[in-house]
Amino acid sequence: MKFGLFYELSVPRPWTRESERTVYRNALEQVKLADELGFDYVWAVEHHFLEEYSHCPAPELFLTACAMTTKRIRVGHGIVVCVPEFNHPIKIAERTAVLDILSGGRLEVGTGRSATWTELGGFRADPDLTKQTWDEFVRCLPKMWTSDTFAYEGRFWSMPSRTILPKVYQRPHPPLWVAVTTPGTELDAAERGLGSLGLTFGMFAEQEKRIAEYRRRIQHCAPVGEFVNDTVATVNFLYCHEDEKVGFETGRRMADTFNYLATQLISAREVYPTKSYQSLGLLPQLRRQATGPDTSSQAGEGLCFGGPERIIRAIKGWESVGVDCINFLVNTAEVIPQADVLASFRLFAREVMPAFGKTKPADEGGA
Amino acid sequence: MPLYGALELDRVVARLPRMANLDTEAWTLPGTEILQLAWEVGRDSARLLPRAMHPAIPPYATVTVARFPDTPVGSFTLALLRLAGRAGAHPRGLVLGGVATSESAAHALRERWGLPVAHGEVTFRRYHDRAVATASLGGKTVLDAALVAPETISAGDVQYIASVTLAEVTEDGQARVRLVQVDSHYTFHKAERGRPHVDRFLADAWNAGGLALVHPISASLTTADTDLPQIRFVMDPEIPVVRGTRRIR
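Top line first, the protein sequences correspond to chains E and X.
Numbering follows the working numbering, in which position 124 of the first sequence is assigned residue number 1382; successive positions increment by one, without gaps.
Numbering follows the working numbering, in which position 96 of the second sequence is assigned residue number 77; successive positions increment by one, without gaps.
In structure tokens:
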């Protein structure tokens, strides 16, 4: 089992000049500690216009800062939006290559397509086409990283032969993932040899079934890259405290705040009927699965808040259904004081990580 | 925490529907044709939203025109303007104004569900390249809008959010203004999607003075079995719904 941090970088109102800077600085301090404690990944989203919920439109910059202040932790786009109105594929290839170089080959690249009208409408992107543009981008990206020269004539973009520079540092290239919010997208991942970067909480039984099918299909995949990333990650909250009750109540407050902010946004499906967005996406999934019928979360199967023993049980549950990695949301809207977040990390590393064979890394190595 | 609505309730109390009681019986409404047009609207629309609710990000409004062939008061056509928002974590459309083609329907909608509906003219015409709706009050056209370039989509792709409406209700023997939830259910049989287009929209006639339909989002034309349900929840319009909601049944 591997452990990661997952950053939306939410900034609560009222906003001051310092609000966003504080959130970014706190996150960087958390990542630095997580690296020292042996966490495996830090992921950052790409979101636009999502007031309070996420002020992270340029994850490559945040991740570069993470890479510069850490030694081992892998830095992940969680995800880069593969829709031409958001990102040109050449720029994605170039930016990710630079980040891979600067991080010393620690880059993970999650891909996706956005799930909110707030964002799709903001860029005037066509919700009908985002699955198709994602497919085209994902097929091109590994070739743009690895080919001496690259030319392409596609439906959504094209380019004459050029040398795309720089090249990625990792060989053959960084691992590729796809964000999985809608049931069935994990099968898209499997058939293309991509890691499944789960962004919904789900329940053990449901996840077990989906993971089993992912594992079955990926055995027969046609990989878009030069290797298969047969890895399943899921997302969770983390707040670990010696006092079970304090840990649980604090974690639940964070989950409720996340849920509340998420549902203020407009999912694509709410306003734009299309087969491209059959489910309500991440946000309502969170509402349904992580919280109760109103706005208050229930105990939540497998949620990682409370005391160390409870969290170990939850993670064992995820491990038993085939999850390889859990990425944690560790604070939302700064509802938890920074010192408490850092204390939660330390306790988690001391009491929980050893139960999964992980120990604090030696102070050497890395990029 | 998110922004809240900024409606000054005192300014609208006098024109709110007065509900007879909260024991409304449901109407079943089979074979309803529904045209829904959605636009993004300006940030200043928060002044139309009760303080209990949050504006959607970005704010948007819908015009819904529904032709009911079979109701307890006979067939009629209804046009509604709704401003989308959030009641706690739930997407809701606040009904700002409406026009119904039948006097008895308008009366029932006001008295039983608290919908701010006036009697007027509503037309709803279907062509191969568009579906056009108009509404007029006192002979004055207050809406002329259309879905253009219709294409068939799966009925399963459509969802409509539930409504809330401001109305005067009697609680504990006292008249109080409440947000009333009207959460209709839909079973869709056919659906088309197109672009919304507006030629005329008089915001004042919809109790939405100053509201402009700015950026088109989408338009849908559906056939559905729906209902006007029993009232399940009412909310205090002045305090966040997580604290101010009362379950009726």
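Glycine is no exception: its CB is placed at the ideal position from the N, C-alpha and C atoms.
Quick caveat: nothing in here was measured; it's all calculated off a predicted structure.
Residue environment, E:Phe1485, which counts as buried when at least 16 other CB atoms sit within 10 Å: exposed
Own chain residues within Cβ distance below 8 Å of E:Leu1540, not counting five before or after: Reliability of the predicted coordinates at E:Leu1540 is poor, the pLDDT of 49 falling under 50, and no value is obtained from them.
Span of the alpha helix (DSSP H), counted from its first residue to its last, around E:Ile1348: 1347 to 1360
Residues bridged to X:Ala112 (per DSSP): X:Arg107, X:Leu128
Three CB pairs or more closer than 8 Å across the region 1582 to 1590 of chain E and the region 1491 to 1507 of chain E: yes
Minimum Cβ-Cβ distance from X:Glu21 to chain E less than 9 Å: yes
Rounded separation between E:Thr1553 and X:Val223 - CA only: Legend: pLDDT at E:Thr1553 = 45, less than 50; position of this residue unreliable, value from coordinates given subsequently. Between E:Thr1553 and X:Val223, the C-alpha separation is close to 7 Å.
Chain-ordered chain E contacts of X:Met(-18) [CB-CB under 9 Å]: Pro1270, Arg1271, Glu1310, Thr1515, Tyr1518, Leu1519, Ala1591
With 16 other Cβ atoms within 10 Å as the buried cut-off, status of X:Ala1: exposed
Beta carbon proximity, X:Asp217 to chain E, threshold 9 Å: no
Test: X:Asp164 CB closer than 9 Å to a CB of chain E: no
Chain E contact for X:Val139 (CB, 9 Å cutoff): yes
Residue span of the alpha helix (DSSP H) that contains E:Ile1570, given as start and end: 1566 to 1578
Coarse secondary structure for X:Leu59, derived from DSSP in three states: strand
Residue-chain proximity (E:Lys1533, chain X), Cβ-Cβ < 9 Å: yes
C-beta contact flag for X:Ile134 and X:Arg176 at 9 Å: no
Segment contact flag, the region 1460 to 1474 of chain E with the region 1523 to 1535 of chain E, C-beta cutoff 8 Å, min 3 pairs: no
Beta carbon of X:Gly23 nearer than 9 Å to that of X:Ala193: yes
E:Ala1548 at chain X interface by Cβ criterion, 9 Å: Only weak support is given to the placement of E:Ala1548: the predicted model assigns it a pLDDT of 41, under 50, and the value that follows is read from those uncertain coordinates. No, E:Ala1548 does not count as interfacial toward chain X.
Rounded distance between the beta-carbons of E:Phe1408 and E:Arg1397, thought under 8 Å: 12 Å between Cβ atoms; not a contact.
Spatial neighbours of X:Glu102 in its chain, beta-carbon cut-off 6 Å, leaving aside the 5 residues before and after: Ser117
Terminal residues of the beta strand (DSSP E) in which E:Leu1365 lies: 1365 to 1370
Distance between X:His170 and X:Phe105 (C-alpha atoms, nearest Å): 19 Å
Separation of E:His1306 from E:Cys1340, as counted between CA atoms: 14 Å
CB contact below 9 Å: X:Tyr167 versus chain E: no
Supposed contact pair X:Thr45 and X:Ile15 - C-beta distance, whole angstroms, cut 8 Å: 7 Å
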